[in-house]
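So the protein lines, in turn, are chains A and B.
Taken in order, the first sequence gives residues 1 to 312; the numbers are from this note's numbering.
Taken in order, the second sequence gives residues 313 to 624; the numbers are from this note's numbering.
2 protein chains.
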Amino acid sequence: MSPPLGASLPGFTISAVERETGLSKDLLRMWERRYGFPRPARDAGGERLYSSGEVARLRAVKRLMDLGMRPGGIVHRSLPELDALADARSADAPGDPAPETVREVLALLHSHDAAGLRTFMVQHAMRQGLQQFVLATVAPLNRAVGAAWMGGDLQVFEEHLYTETVHVALRSAINAFPRSAEGSPRVLLTTFPGESHHLGLLMVEALLVPEGAQCISLGTQTPVEDVRRAALAYRANVLALSFSGAYPLRAAVDGLESLRAQLPPPVTIWAGGELARRVRRTPPGIVLIPDLAATLPALRSWKLPGGARSDG
Amino acid sequence: MSPPLGASLPGFTISAVERETGLSKDLLRMWERRYGFPRPARDAGGERLYSSGEVARLRAVKRLMDLGMRPGGIVHRSLPELDALADARSADAPGDPAPETVREVLALLHSHDAAGLRTFMVQHAMRQGLQQFVLATVAPLNRAVGAAWMGGDLQVFEEHLYTETVHVALRSAINAFPRSAEGSPRVLLTTFPGESHHLGLLMVEALLVPEGAQCISLGTQTPVEDVRRAALAYRANVLALSFSGAYPLRAAVDGLESLRAQLPPPVTIWAGGELARRVRRTPPGIVLIPDLAATLPALRSWKLPGGARSDG
DNA sequence: CGGGGACATCGTCCAGGACGAAGGTTTGAC
DNA sequence: GTCAAACCTTCGTCCTGGACGATGTCCCCG
Chain A
1 MSPPLGASLP GFTISAVERE TGLSKDLLRM WERRYGFPRP ARDAGGERLY
51 SSGEVARLRA VKRLMDLGMR PGGIVHRSLP ELDALADARS ADAPGDPAPE
101 TVREVLALLH SHDAAGLRTF MVQHAMRQGL QQFVLATVAP LNRAVGAAWM
151 GGDLQVFEEH LYTETVHVAL RSAINAFPRS AEGSPRVLLT TFPGESHHLG
201 LLMVEALLVP EGAQCISLGT QTPVEDVRRA ALAYRANVLA LSFSGAYPLR
251 AAVDGLESLR AQLPPPVTIW AGGELARRVR RTPPGIVLIP DLAATLPALR
301 SWKLPGGARS DG
Chain B
313 MSPPLGASLP GFTISAVERE TGLSKDLLRM WERRYGFPRP ARDAGGERLY
363 SSGEVARLRA VKRLMDLGMR PGGIVHRSLP ELDALADARS ADAPGDPAPE
413 TVREVLALLH SHDAAGLRTF MVQHAMRQGL QQFVLATVAP LNRAVGAAWM
463 GGDLQVFEEH LYTETVHVAL RSAINAFPRS AEGSPRVLLT TFPGESHHLG
513 LLMVEALLVP EGAQCISLGT QTPVEDVRRA ALAYRANVLA LSFSGAYPLR
563 AAVDGLESLR AQLPPPVTIW AGGELARRVR RTPPGIVLIP DLAATLPALR
613 SWKLPGGARS DG
């Protein structure tokens, strides 16, 4: 290894680029061979040295690929073109429902007011109620922060502070609810290995707990076999898996089908997150949750087929 | 890619092993060439298929390497031998200071009593106080759970539930403290890219907040350049970096020295975690925090040289 | 209009060679 | 005897270039 890490950025080693972009070393070399991009400089020892411009372009390409695009058509585009494509894409999504809130949070981030940001989150969570906070504030903020980060309007560390602050606010709001009693549905939450988007899980939990569900979160990156064991061990009624757009579609579907085959039918399996929108055919026995709002109807409809469940 | 993920484990692909063990594909192939271990079977297409026994051994080897051992001497050992080595190693550490507590938690984990575990954590945190809870309960529990996991006495999902539960308990206890006022030291917490051990950060935060420090956590995996920017943007007095034993020593020292060179001298830099024990020469201008308990004296001694600090 | 097959795209894996950095050891000087 | 410098061994990552299989796309046919 031995990436100079913070050495005033003379260039990125291939390892550093892999870390920064999520594109594997093999893939980076293959693109160079096939598409001629990126074409990094070489150091004295013949090793690749990527410029920060190349890294920025690669990041943009990756982002678009996570949205379903294929590399062939976009690797040669310039950074502005890629940004334009991303904008066009995100325009499909519902417009910013709370432009003023978004502006306020971005201002807090830019002014590096950690305490102010924290206060903002806590106050909004209390004022709106947990579910509404998640749906009407956090979700659009996530989109806006992601977009700002992509466009270079937000530094990495600012984005980190945002994520951490939301995390804290949600966690504390969730804790404020009492433990649910017997008879309420038990929901097991986690993600597959390689998927480390913790915030998604937490948002789902924040929607479910006020509904009286008993949530057991395993955190991120649980091997599939252990997900199965956990679902049985904790006698889960619902198994909720979350996937970001970057997660390989095939691996997700494989894992879901494997779980479906190995878990008894009464265990409902939810697959939520960006990925649920990219899936073509719904795997049998899986409930797709294409967006956060769909979580609530899914939970309520769970109670119907199990109407005979001894709730008391 | 296309790891069959949960396909009843006919064998692990090289990607799966990389994920499971943290050993890179290149390294796995190199070990096979050099040491003849592992020697995975091949599928119809000639691709490596590792057995679960090999994966277990690899995991044990990795664990010992994280403790500073070198591969040449241990790759050929059998799993029991490796376990014995690990035991001998951990015997160096202070004995289990709370064997009863440890037994109780392991029992809760084995019986899959998520609610009971949660209650246990919350009660102990309240009864002992946050700092004592971290030092006397969480730290030894972490060691015990890690050892149990290594020895196969704990399933992965049980370990995940433990981590998540501790996380929730700490977060909620930290939130119970009021925000500190002006004049108190501002501590910025994070880890370098590749280091995802969030719990370590949280434990440090739990020790500092009761001391009146203002903690700003960026979460894990902040690029070095962004750590630098964040330290300046948030006008941090102390920059606390956490490293697990698995983190490559070289990268850590490089990053620390780079930060030290680029940050003004009044910014104190702490390097904590397992790694601090493996370091030979303390890099100039860095404060090593070899164990959690050392955090408190470090914070107190910070206040002395900076007594004249112009806060207002 | 929908399903299947052919073609093109694309990501990962394989093999083996090389280099440079880190660790450990021996030598030499004080 | 002790410390430091030089040497040697160990070790991880990077390199090239080839191959295959999985996936997506398009077109034709029913």
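Don't be surprised by glycine CBs; every beta carbon is placed ideally from N, CA and C.
Given the structure is predicted, the values throughout are model-derived calculations rather than measurements.
Below 7 angstroms on C-beta distance, what does residue i contact in chain A?
i, result
"glutamine 467 of chain B", "Asp226 and Arg229"
For chain A, is any of its Cβ atoms less than 8 angstroms away from the one on residue i?
i, result
"glycine 624 of chain B", "Residue confidence for glycine 624 of chain B is low, a pLDDT of 30 falling below 50, so the modelled location carries little weight and cannot support an answer."
"glutamate 507 of chain B", "no"
"arginine 354 of chain B", "no"
"glutamate 259 of chain B", "Because chain B is modelled from 313 through 624, residue 259 of chain B falls outside the range shown and cannot be assessed."
"leucine 473 of chain B", "yes"
"arginine 286 of chain B", "Here chain B has residues from 313 to 624 only, and residue 286 of chain B is not among them."
"arginine 593 of chain B", "no"
"arginine 491 of chain B", "yes"
"alanine 552 of chain B", "no"
"proline 315 of chain B", "Since pLDDT at proline 315 of chain B reaches only 39, below the 50 mark, its modelled position is unreliable, and the value read off the structure follows with that caveat. Yes, proline 315 of chain B counts as interfacial toward chain A."
Anything in chain A within Cβ reach of residue i, meaning under 9 angstroms, just list it in chain order.
i, result
"valine 480 of chain B", "Arg171, Ile174, Asn175 and Ser217"
"leucine 340 of chain B", "Within 9 angstroms Cβ-Cβ: nothing; leucine 340 of chain B doesn't reach chain A, min ~14 angstroms."
"arginine 331 of chain B", "Pro193, Gly194, Gln221 and Pro223"
Does any CB atom of chain B fall closer than 8 angstroms to the CB of residue i?
i, result
"proline 223 of chain A", "yes"
"histidine 124 of chain A", "no"
Just to make sure I have the definition right: I need the residues of chain B whose C-beta is within less than 7 angstroms of the C-beta of residue i. Which are they?
i, result
"tyrosine 234 of chain A", "His424 and Ala426"
For my contact list, residue i and residue j are in at a C-beta cut-off of 8 angstroms; report their separation, rounded to the angstrom.
i, j, result
"valine 287 of chain A", "serine 258 of chain A", "Between serine 258 of chain A and valine 287 of chain A the Cβ distance is about 16 angstroms, and since that is not below 8 angstroms, they are no contact."
"valine 591 of chain B", "leucine 561 of chain B", "7 angstroms"
"leucine 275 of chain A", "alanine 213 of chain A", "Their Cβ separation, rounded to whole angstroms, is 22 angstroms, which puts leucine 275 of chain A and alanine 213 of chain A out of contact at 8 angstroms."
"glycine 567 of chain B", "valine 516 of chain B", "No, glycine 567 of chain B and valine 516 of chain B are not in contact; Cβ-Cβ is about 18 angstroms, not under 8 angstroms."
"phenylalanine 331 of chain A", "valine 61 of chain A", "Residue 331 of chain A is absent from the structure shown; chain A starts at 1 and stops at 312."
"leucine 58 of chain A", "proline 38 of chain A", "6 angstroms"
Strictly below 8 angstroms CB to CB, what residues from chain B border residue i?
i, result
"glutamate 164 of chain A", "Ser529, Leu530 and Gly531"
Should residue i be listed as close to the ligand NAP, given that the test is whether its C-beta is under 7 angstroms from any heavy atom?
i, result
"alanine 252 of chain A", "The model depicted lacks the ligand NAP and carries no ligand whatsoever."
Let me know the beta strand (DSSP E) ranges lying completely inside the region 228-287 of chain A, each 3 residues or longer, listed in chain order. 238-242 and 268-272
Any chance you could list the alpha helix (DSSP H) runs of at least 4 consecutive residues sitting entirely within the region 372-456 of chain B, in chain order? 391-404, 411-422 and 426-440
Between the region 464-479 of chain B and the region 411-429 of chain B, are three or more C-beta pairs nearer than 8 angstroms? Inter-segment contact for the region 464-479 of chain B and the region 411-429 of chain B is present: three or more beta-carbon pairs are separated by less than 8 angstroms.
3-residue-minimum beta strand (DSSP E) runs that sit fully inside the region 484-528 of chain B, ordered along the chain: 498-502
Pairs of beta-carbons, one from the region 183-201 of chain A and one from the region 215-235 of chain A, closer than 8 angstroms: are there three or more? yes
Hey, is the region 120-135 of chain A in contact with the region 169-182 of chain A, meaning 3+ C-beta pairs nearer than 8 angstroms? As far as the Cβ criterion goes, the region 120-135 of chain A touches the region 169-182 of chain A, which means the pair count is three or higher.
Does the region 576-596 of chain B come close enough to the region 414-421 of chain B that 3 or more CB-CB pairs lie under 8 angstroms? Two segments are said to touch when three or more pairs of C-beta atoms, one from each, lie closer than 8 angstroms; by this definition the region 414-421 of chain B does not touch the region 576-596 of chain B.
Counting beta carbon pairs with one atom in the region 538-556 of chain B and one in the region 148-160 of chain A, are three or more of them shorter than 8 angstroms? Result yes; three or more Cβ-Cβ pairs closer than 8 angstroms.
Are the region 174-185 of chain A and the region 138-148 of chain A touching by the rule of at least three beta carbon pairs closer than 8 angstroms? No: fewer than three Cβ pairs fall under 8 angstroms.
Do the region 178-187 of chain A and the region 146-155 of chain A meet, that is, are 3 or more Cβ pairs less than 8 angstroms apart? no
Would you be able to state if there are at least three C-beta pairs under 8 angstroms between the region 67-86 of chain A and the region 20-38 of chain A? yes
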